[in-house]
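Colleague:
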Amino acid sequence: MTKELHQKYLEFFKKNFSNYVEVVDFNSIKIRGEYYRIQRCNLHFIADAMVETDHLKVVKCKTILELSNAIKTANFSLLQTFYSVKVKSQKAIELFIELTKNPNATTEAQFQKELHAAA
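Convert by adding 211 to the 1-based position in the sequence shown; the result is the number in the numbering used here.
Written out as structure tokens, the structure reads:
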């Protein structure tokens, strides 16, 4: 990621998530008061996670970071399923994170059920 693109992401955070994201400097942000040192390769995943959780009233920094990692590591099919529903519940997000860590049929069935309920 170029410095220019990195700067654009920081500006995106300031503009769209100023109520809970504070840009500390070029390499660090605070999400809900918790300090996070940015790695350029993860910045767009963090932005995706923020967009996907923005509708939730309360979401922890840890959840955003776990979701950004899940988006980064998920297979294409799981990502397609995740992005197929615009507004996801907290439970659906937690199940998605769990599926990327420990894929199994039970969790996947719960995840599918939760997404269908939200749709």
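Ideal placement from N, C-alpha and C gives every residue a C-beta, glycine not left out.
1. Threshold first: 3 residues or longer. Then list the beta strand (DSSP E) segments lying entirely within the stretch 231 to 269, N to C.
2. Looking only at its chain, what residues have a beta carbon closer than 6 Å to the beta carbon of D259, apart from the 5 residues adjacent to it on each side?
3. Identify whether F322 lies in helix, strand or coil by the three-state DSSP scheme.
4. Starting from N280, follow the alpha helix (DSSP H) in both directions and report where the run begins and ends.
5. Mind reading off the beta-carbon distance from E277 to L306? Whole number of angstroms is fine, and I expect it under 8 Å.
6. Compare the Cα-Cα distances from L289 to each of V232, N313, I275, F224 and report the closest residue.
7. Quick test of your reading: V235 and K241, contact by CB under 8 Å. State the CB separation rounded to the nearest angstrom.
8. Please report the residue range of the alpha helix (DSSP H) in which E228 lies.
Modeller: Quick answer:
1. 232 to 236, 239 to 242, 245 to 248
2. I282
3. helix
4. 272 to 284
5. Between L306 and E277 the Cβ distance is about 12 Å, and since that is not below 8 Å, they are no contact.
6. N313
7. 6 Å
8. With the sequence shown as reference, residue 228 is identified as Phe, and Glu is not the correct amino acid for it. Here F228 belongs to no alpha helix (DSSP H), and DSSP marks it neither H nor E.
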